[in-house]
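Quick note on our numbering: the sequence shown kicks off at 31 and runs consecutively.
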Amino acid sequence: MNWLPWRYLVKRAAKRHGFLDPIALLSKLHSFAQPSEVGEPIELLRAGVVFHARGLINSRVIQHNLDWVWPYWVERQFDPEGPAFIPRAFSITHINLSNRNWTAIGQPDLDELPIVDPRGLLTPWYDGW
Numbered sequence: 031m032n033w034l035p036w037r038y039l040v041k042r043a044a045k046r047h048g049f050l051d052p053i054a055l056l057s058k059l060h061s062f063a064q065p066s067e068v069g070e071p072i073e074l075l076r077a078g079v080v081f082h083a084r085g086l087i088n089s090r091v092i093q094h095n096l097d098w099v100w101p102y103w104v105e106r107q108f109d110p111e112g113p114a115f116i117p118r119a120f121s122i123t124h125i126n127l128s129n130r131n132w133t134a135i136g137q138p139d140l141d142e143l144p145i146v147d148p149r150g151l152l153t154p155w156y157d158g159w
């Protein structure tokens with residue numbers, strides 16, 4: 031796999047779509063930091079990709095269905111009159127940036143951990159609602 035021209039392909043694809051070269055950008059960012067024995071933790075990179083992939087799905091669903099019943103953070107973050115409003119014109123993904131204040135409920139020795147948002151919306155399943 032090392033013989034494939036990955037750097038060249040990534041650089042060309044980025045330039046073709048009007049983006050900066052991500053490999054050059056990362057190398058510049060690394061030059062600011064102290065040398066380290068380890069790079070970026072792969073677990074954090076995976077978690078970030080999953081997080082923003084969900085945000086991309088949110089952006090496709092929420093914008094066209096604002097009349098649905100949404101979790102508290104969506105209602106607050108998308109209300110232009112509210113104090114938690116975040117303009118979404120420049121947001122690629124729609125993620126919870128303003129209201130991370132839910133309460134976990136459950137019983138000892140049970141794996142299930144449902145959460146309740148401040149409005150009372152119950153999320154009984156892990157990572158979903």
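No residue lacks a Cβ here, since even glycine has one placed at the ideal position from N, Cα and C. Everything numeric in this text was worked out from a predicted model, so none of it was measured.
- A residue is called buried when at least 16 other Cβ atoms come within 10 angstroms of its Cβ; valine 104 meets this threshold and is buried.
- One thing to note: glycine 85 has its Cβ within 9 Å of the Cβ of isoleucine 122.
- The C-beta separation of tyrosine 102 from arginine 37 comes to about 44 Å, leaving the pair out of contact by the 8 Å criterion.
- Linking glutamine 64 to tyrosine 156 through their CA atoms gives a straight-line distance of about 38 Å.
- DSSP links valine 146 through a beta bridge to Thr133, Leu152.
- By the beta-carbon neighbour count (other beta carbons within 10 angstroms, threshold 16), histidine 124 is buried.
- With 16 or more neighbouring CB atoms inside 10 Å of its own CB, aspartate 147 falls in the buried class.
- The C-alpha of threonine 153 lies about 11 Å from the C-alpha of glutamate 142.
- Annotation for arginine 106: the continuous alpha helix (DSSP H) segment containing it runs 102 to 107.
- Within the region 63 to 131, no run of beta strand (DSSP E) at least 3 residues long lies entirely inside it.
- For lysine 41 and phenylalanine 108, the gap between their C-alpha atoms comes out near 36 Å.
- The C-beta distance from leucine 50 to alanine 43 rounds to 12 Å, too long to meet the 8 Å contact threshold.
- By a beta-carbon distance limit of 8 Å, alanine 114 contacts asparagine 129. Their separation comes to about 6 Å.
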